[in-house]
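Shown next, in structure tokens, is the structure this report addresses.
Protein chains: 2
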Amino acid sequence: MEITSSNKSFGGWTKHYSHHSSTLNCDMRFAIYLPPQTANGQKVPVLYWLSGLTCTDENFIQKAGAQRIAAELGVAIIAPDTSPRGSDVADDEAYDLGQGAGFYVNATQAPWNRHYQMYDYVLRELPELVEATFPVSDKRSIFGHSMGGHGALVLALRNPDRFQSVSAFSPISNPVNAPWGQKAFSAYLGKSPSSWAQYDASLLMRKATGAVPALVDQGEADQFLEEQLQPETLEAAAKASGYPLQLNRREGYDHSYYFIASFVEEHVRFHAKHLSA
Amino acid sequence: MEITSSNKSFGGWTKHYSHHSSTLNCDMRFAIYLPPQTANGQKVPVLYWLSGLTCTDENFIQKAGAQRIAAELGVAIIAPDTSPRGSDVADDEAYDLGQGAGFYVNATQAPWNRHYQMYDYVLRELPELVEATFPVSDKRSIFGHSMGGHGALVLALRNPDRFQSVSAFSPISNPVNAPWGQKAFSAYLGKSPSSWAQYDASLLMRKATGAVPALVDQGEADQFLEEQLQPETLEAAAKASGYPLQLNRREGYDHSYYFIASFVEEHVRFHAKHLSA
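As given, the protein sequences belong to chains A and B, one line each in that order.
For the first sequence, the positions run -6 to 270 when this note's numbering is used.
For the second sequence, the positions run -6 to 270 when this note's numbering is used.
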């Protein structure tokens, strides 16, 4: 593992690392924020952030302003890249398939299946690396935006023993019924929708037994709201299964990082409460 | 004037505009943050931000996290670009001269003098446009980073009647004795250093009569500290003239926006106090 940058921020440290991922079969980058509480060796819980389409390990760490609250509350943040990367990694010219668009699934279809195993990478390899390397505990929560909100919800719903809480901004709530999800799942998982259900937050929440507390924020001026995001399917699923979901609709907010920055404090406080419980 | 983007943030609005500048003889972009207090027509004071080398109207507005505090305190923020722009505007291949490197001076030398009049643009044309267009008062403060910290200090020191307060992160404190300043001033103002003194914060502070309260933050791990920034010259000038300067040295912090984000709340609160006095 190699450190590529290190910047003091809010009394702690924002750092970027690169490492070889055996799960993804390529070199990967991730960002970490280590709050000031770790300076004396104190182990802090970890909050994983999953970014949306076209993003890297940099967007959230530069634009969301989460370090300020993580420093106050003593939480580490990890932000991985959104897909495998490299000149020998399968790609597509479209922004919503291939590199930058891993959708946090384990691909089963060629040529994608050689590298696109983001579900396993985020669930297993990355936490094992983080917990073996940094002064962090094994308490984990997870959140994300858009494609990453979908990823966070799916990972928490399928692994309630691994996460204390989950939240999402503008998640793709029902990808099996949304153009982004249908395109990506067809490519990565094949044409049969029966293999898609394990990666659909609304379908998973509807039959959830374990219950990781969930918080979702959705801007009402989001250009992708009706066609791609469909938060009403998540609300209906939570109602059907009695799932502990709080979903806030925010008047006037769009799909951008300005929306995330405006409400990230509430999300980090929500996770810190569950991480320290 | 044309609006190019508008994003709700922290209950207010982050917007970018383009307009034709008669001072700069080209089209220019700037960002504005209008806090929620302006929604009912309330006039709020304005805090101008001047960015550093290579930056545009976007860097501060996306990375510093200042909107949160501006929303709380009811202050508008204006972030102009760092130079005139365009294919017919003189430029240089170096990052520290030409487009992206206007140094907030009025150029007197060809070919720069046709467009590079950033001092007058920030002092006169931009505030006139802002105050005629948006629900803001004529109370102004100014701050900036690096080249923009130099610009903010120079504008406030030379125009104490125009600004309530001034602050800077990692300013080029004594450009007549720093490589960045010597290169830019030679090009824009000519080889004679006698024309440079009017744009040197340390020389101006040493003989200041009016006194706009000044706050400076400087990271001690800043790679440009000794050669380019020289905050000790500003401290010596303030001591000589009894200038109301508070200069904080911050252990471990570098020249990046992570440093700015870590302390921007203190700066915005400093300005808000003087803007409401």
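Just so it is clear, CB atoms sit at the ideal spot from N, CA and C, and this is done for glycine as well.
For clarity, every value in this text was computed on a predicted model and none was experimentally measured.
Quick check on residue i - is its C-beta less than 8 Å from some C-beta in chain A?
| i | result |
| --- | --- |
| Gln55 of chain B | yes |
| Gly142 of chain B | no |
Residues of chain B with a CB under 8 Å from the CB of residue i: which are they?
| i | result |
| --- | --- |
| Ser80 of chain A | Neighbours of Ser80 of chain A on chain B: none; closest Cβ ~28 Å, over 8 Å. |
What number of angstroms, rounded off, separates the C-alpha of residue i from the C-alpha of residue j?
| i | j | result |
| --- | --- | --- |
| Pro73 of chain A | Gln221 of chain A | 23 Å |
| Val98 of chain A | Gly79 of chain A | 18 Å |
| Gly95 of chain B | Tyr41 of chain B | 16 Å |
| Ala83 of chain A | Gly91 of chain A | 7 Å |
| Asn170 of chain B | Ser188 of chain B | 14 Å |
| Met198 of chain A | Ser2 of chain A | 37 Å |
| Gly144 of chain B | Pro168 of chain B | 11 Å |
| Ala230 of chain B | Ser160 of chain B | 16 Å |
| Leu208 of chain B | Ser44 of chain A | 36 Å |
| Phe252 of chain A | Ala59 of chain B | 14 Å |
| Val261 of chain B | Ser134 of chain B | 10 Å |
| Trp6 of chain B | Val129 of chain B | 14 Å |
| Glu(-4) of chain A | Lys8 of chain A | The residue you asked about is not Glu; residue -4 of chain A is Ile in the sequence shown. Looking at the two C-alpha atoms, the distance is approximately 7 Å. |
| Glu225 of chain A | Leu17 of chain A | 34 Å |
| Asp193 of chain A | Ile62 of chain A | 30 Å |
| Gly142 of chain B | Ala149 of chain B | 11 Å |
| Ile25 of chain A | Gln55 of chain A | 12 Å |
| Glu244 of chain B | His138 of chain A | 34 Å |
| Val205 of chain A | His248 of chain B | 40 Å |
| Pro237 of chain B | Asp20 of chain A | 52 Å |
| Ala64 of chain A | Gly183 of chain B | 48 Å |
| Met(-6) of chain B | Ser15 of chain B | 13 Å |
| Tyr109 of chain B | Leu116 of chain B | 14 Å |
| Tyr246 of chain B | Tyr114 of chain B | 32 Å |
| Phe217 of chain A | Leu122 of chain B | 35 Å |
| Pro77 of chain A | Ser179 of chain A | 18 Å |
| Thr49 of chain B | Phe136 of chain B | 15 Å |
Go to residue i, then tell me how far its beta strand (DSSP E) extends in each direction, as first and last residue.
| i | result |
| --- | --- |
| Trp42 of chain A | 37 to 43 |
| Pro73 of chain A | 69 to 73 |
| Ser11 of chain B | 5 to 14 |
| Met21 of chain B | 19 to 27 |
| Ile165 of chain A | Taken as a continuous stretch (DSSP letters only), Ile165 of chain A belongs to no beta strand (DSSP E), as it is neither H nor E. |
| Arg107 of chain B | From DSSP, Arg107 of chain B is part of no beta strand (DSSP E); its letter is neither H nor E. |
| Leu240 of chain B | 238 to 243 |
Who are the neighbours of residue i on chain A, taking C-beta pairs under 8 Å?
| i | result |
| --- | --- |
| Asp247 of chain B | Asn0, Lys1 |
What are the start and end residues of the alpha helix (DSSP H) that includes residue i?
| i | result |
| --- | --- |
| His264 of chain B | 250 to 268 |
| Asn52 of chain A | 52 to 56 |
| Phe178 of chain B | 172 to 182 |
| Ala207 of chain B | Careful: Ala207 of chain B lies outside any alpha helix (DSSP H), inside the beta strand (DSSP E) at 207 to 212. |
| Val147 of chain A | 140 to 151 |
| Glu118 of chain B | Here Glu118 of chain B belongs to no alpha helix (DSSP H), and DSSP marks it neither H nor E. |
| Glu65 of chain B | 60 to 66 |
| Thr(-3) of chain B | Taken as a continuous stretch (DSSP letters only), Thr(-3) of chain B belongs to no alpha helix (DSSP H), being part of the beta strand (DSSP E) at -5 to 2. |
| Leu227 of chain B | 224 to 234 |
| Ala194 of chain B | 194 to 199 |
Anything in chain A within Cβ reach of residue i, meaning under 7 Å, just list it in chain order.
| i | result |
| --- | --- |
| Ser255 of chain B | Ser2, Phe3 |
I'd like to know if residue i contacts chain B, where contact means its C-beta is closer than 8 Å to some C-beta of that chain.
| i | result |
| --- | --- |
| Tyr114 of chain A | no |
Given a limit of 8 Å on CB to CB distance, which residues of the segment -4 to 23 of chain B reach chain A?
The residues in question are Asn0, Lys1, Ser2, Phe3, Gly4, Thr7.
Quick one, which residues of the segment 34 to 63 of chain B are near chain A if we go by CB-CB under 8 Å, in chain order?
For the segment 34 to 63 of chain B, the beta-carbon criterion of a distance under 8 Å to any beta-carbon of chain A is satisfied by Gln55, Lys56, Gly58, Gln60, Arg61.
Chain B contacts from the segment 92 to 103 of chain A (Cβ-Cβ distance under 9 Å):
Within the segment 92 to 103 of chain A, not one residue has a Cβ closer than 9 Å to any Cβ of chain B.
Along the segment 220 to 254 of chain A, what residues have a CB closer than 9 Å to any CB found in chain B?
For the segment 220 to 254 of chain A, residues whose beta-carbon sits nearer than 9 Å to a beta-carbon of chain B comprise Arg243, Glu244, Gly245, Tyr246, Asp247, Ser249, Tyr250, Tyr251, Phe252, Ala254.
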